[in-house]
Amino acid sequence: MADTEHGELVPLGEGPVAQVLAGVHGTTGEGFALKVYPGKLDRRTRNELDKELSALAGLRDRGTALVPDEVRELADGRCGIRMELCAQSLPELVAAFGPLSITDTLALGEALASTLAEAHQAGLVHGGVTPGNVLFRPSGAPVLADFGLTLRQFFPRDRESGVEYLAAETVRDGTLDERTDLYGLGAVLYLALSGRPPHQGRPGEPADAVTLRVLGGDVPPLDRPDLPAGLAHLVSSLLAGNPDARPIDAALVVTRLGAMIGPAVPGNHPAPGPSGAVLPPRPLGELVAEYGPTTGAPRKRRTALTAAAAAGAAVLAVVAVVVFTNRPAELSVPPAPAPTTARPTPSPAAAQVELATPADHDTYVDLSWRSSTPGLDYVVVVAPEGKPNHTEYVRRETSHRVNVEPSLKYCFVVQGTNGSATVQSGPQGIRDARCTQ
218 MADTEHGELV
228 PLGEGPVAQV
238 LAGVHGTTGE
248 GFALKVYPGK
258 LDRRTRNELD
268 KELSALAGLR
278 DRGTALVPDE
288 VRELADGRCG
298 IRMELCAQSL
308 PELVAAFGPL
318 SITDTLALGE
328 ALASTLAEAH
338 QAGLVHGGVT
348 PGNVLFRPSG
358 APVLADFGLT
368 LRQFFPRDRE
378 SGVEYLAAET
388 VRDGTLDERT
398 DLYGLGAVLY
408 LALSGRPPHQ
418 GRPGEPADAV
428 TLRVLGGDVP
438 PLDRPDLPAG
448 LAHLVSSLLA
458 GNPDARPIDA
468 ALVVTRLGAM
478 IGPAVPGNHP
488 APGPSGAVLP
498 PRPLGELVAE
508 YGPTTGAPRK
518 RRTALTAAAA
528 AGAAVLAVVA
538 VVVFTNRPAE
548 LSVPPAPAPT
558 TARPTPSPAA
568 AQVELATPAD
578 HDTYVDLSWR
588 SSTPGLDYVV
598 VVAPEGKPNH
608 TEYVRRETSH
618 RVNVEPSLKY
628 CFVVQGTNGS
638 ATVQSGPQGI
648 RDARCTQ
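The working numbering numbers the first residue of the sequence shown as 218 and each following residue consecutively.
(1) With a CB to CB cut of under 8 Å and the five nearest residues on each side skipped, what residues in its chain are close to valine 212?
(2) Within the continuous beta strand (DSSP E) that includes glycine 592, where are the two ends?
(3) Using only the alpha-carbon positions, how far apart do alanine 198 and alanine 328 sit?
(4) For alanine 362, does the three-state DSSP call read helix, strand or coil?
(5) Can you list the beta strand (DSSP E) stretches of 3 or more residues lying completely in the region 263-345, in chain order?
(6) Measuring only the C-alpha atoms, how far is arginine 473 from leucine 451?
(7) Entirely within the region 418-449 and at least 4 residues each: give me those alpha helix (DSSP H) ranges in chain order.
(8) Which one of Ser306, Leu323, Ala385 has the shortest CA to CA distance from proline 355?
(9) Look up serine 588 in the DSSP assignment and say whether it is helix, strand or coil.
(10) In this structure, does DSSP put alanine 573 in helix, strand or coil?
(11) What does DSSP give as the partner residue(s) for asparagine 620 in the beta ladder?
(12) What are the start and end residues of the alpha helix (DSSP H) that includes glutamate 602?
(13) Beta-carbon of threonine 244 versus every beta-carbon of chain D: anything under 9 Å?
(14) Less than 6 Å between C-beta atoms, sequence neighbours within five positions excluded: which residues of the same chain meet that for valine 227?
(15) Beta-carbon within less than 7 Å of glycine 315's beta-carbon, same chain only, minus the 5 sequence neighbours each way: which residues are those?
(16) With burial defined as no fewer than 16 other Cβ atoms inside 10 Å of the residue's Cβ, what is the status of isoleucine 319: buried or exposed?
(17) Below 6 Å CB to CB, which residues in the same chain sit around glycine 326 once its five sequence neighbours on both sides are set aside?
(18) Could you give the C-beta distance for alanine 339 and alanine 272, rounded to a whole number, given that I count them as a contact under 8 Å?
(19) Within a Cβ cutoff of 6 Å, which residues of the same chain sit near isoleucine 478, ignoring the five residues on either side of it in sequence?
(20) Can you tell me whether DSSP reads phenylalanine 372 as helix, strand or coil?
(21) For arginine 648, I'd like the list of residues in its chain whose CB is within less than 8 Å of its CB, leaving aside the five on either flank, ordered along the chain.
(22) So if DSSP puts histidine 607 in a beta bridge, which residue, or which two residues, is it bridged to?
(23) Beta carbon of cysteine 303, beta carbon of leucine 283: below 9 Å?
(24) Roughly how many whole angstroms lie between the Cα atoms of valine 631 and asparagine 459?
(25) Which same chain residues, not among the five before or five after arginine 613, have their C-beta less than 8 Å away from its C-beta?
(26) Ordered along the chain, which non-local residues of its own chain (more than five positions away) have a Cβ less than 7 Å from that of glycine 403?
(27) Indicate whether proline 255 and leucine 270 have their beta-carbon atoms separated by less than 9 Å.
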């Protein structure tokens with residue numbers, strides 16, 4: 218891609234919403250990153266963005282917030298954000314070198330928490346604290362990128378993208394505030410210490426099953442013999458499902474991390490990596506600047522890294538596996554699994570989901586259901602004849618429209634969770650499909 222002002226631009230990565238490109242300024246010779254969004258900003262949004270960036274300018278002197286240099290409208294009308302070019306992201310670093318040492322994690326956490334504390338004090342919410350937004354300069358110094366809510370609200374992301382790093386309230390209703398920023402910080406520290414996301418997907422698992430686990434399951438505890446108890450407790454509290462159970466603010470997190478930093482920190486690696494926040498950069502030629510937890514190449518590497526990692530504690534298991542057999546047109550649905558937890562849980566039999574007869578409208582089907590227990594989060598399992606099954610997350614709605622092909626038979630199942638148990642409706646079919654359980 219060519220830019221009239223900055224010349225040739227090289228693709229770096231593809232995020233959940235925007236594409237990230239790299240270029241070299243023709244006059245100064247300095248490298249820069251250009252984040253390109255898929256559309257044009259209207260006047261009102263542009264004014265809101267300008268105000269937000271003006272407020273963010275106060276964080277520039279801190280050095281750990283990556284504040285954009287310029288907002289530009291490209292020749293095709295799309296919005297572009299020009300910013301400093303960094304060397305790598307945290308997921309890349311972990312993929313290349315493995316989990317960070319305790320010393321490096323403490324230094325990284327304190328730097329990020331200090332940045333959030335200053336931003337929150339100024340009334341600014343980051344809105345997307347994820348490992349992919351933790352970048353490193355060529356010196357190894359960390360920065361937190363992609364601050365602000367304006368562009369996130371104008372260009373909403375896919376609801377399933379990067380769900381393994383999101384707070385339950387963000388997944389449920391889109392909440393973005395200071396407390397979701399703290400959850401994101403916990404997710405960053407979790408990846409840094411373990412090499413895996415807090416809610417790790419399983420091979421072949423549909424995205425909606427991960428979503429339900431985020432909504433209803435506890436995060437597996439960190440399993441490192443050198444992990445100080447204080448740091449383990451802090452990360453666990455940051456990742457609490459209940460926002461009120463998280464630390465009261467980022468300043469408190471700074472204080473707690475600062476108390477653990479120093480020569481007396483117990484349980485460091487016998488041969489620690491570089492101390493403090495300076496971490497080994499990779500060559501610029503291998504750069505992938507992630508903005509959000511989903512980009513092309515880094516995501517593949519992270520998946521390879523986490524495939525061998527085992528969860529350290531039981532979480533809500535949601536299995537949305539249904540099989541449609543063409544002969545004799547039956548849907549075989551295994552019963553919803555009993556949850557495995559470390560504490561007593563309500564019996565799944567205490568809650569029921571009743572799926573009504575589907576209303577077939579040729580190209581779409583209207584589903585509705587009811588439950589004896591309010592406040593469940595639901596997924597709809599769709600089993601088309603001769604095609605792979607899929608699930609559709611519908612939050613706490615009790616009706617849903619599914620697009621279908623007129624020539625195929627279908628069966629449907631609704632699964633719900635209240636955080637400690639999974640319940641499942643009986644199957645319902647259309648067009649003479651026989652659905653068995």
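Even for Gly, the Cβ is constructed at its ideal location relative to N, Cα and C.
Considering the structure as presented:
(1) In the structure as shown, the chain starts at 218 and stops at 654, and residue 212 therefore has no counterpart that could be examined.
(2) Where glycine 592 is concerned, there is no enclosing beta strand (DSSP E), given that its DSSP letter is neither H nor E.
(3) Residue 198 cannot be examined here, being either before or after the span of the chain that is shown, 218 to 654.
(4) coil
(5) 287-290, 296-301
(6) 8 Å
(7) 424-433
(8) Ser306
(9) strand
(10) coil
(11) Tyr581
(12) Per DSSP, glutamate 602 belongs to no alpha helix (DSSP H) and is neither H nor E.
(13) Checking the listed chains, one finds no chain D in this structure; it contains a single protein chain.
(14) Ala239
(15) Gly412
(16) buried
(17) Leu406, Leu474
(18) 6 Å
(19) Leu323
(20) coil
(21) Asp577, Leu625, Lys626, Tyr627
(22) Val599
(23) yes
(24) 25 Å
(25) Arg389, Gly592, Leu593, Asp594, Tyr595
(26) Val452, Leu455, Leu456
(27) no
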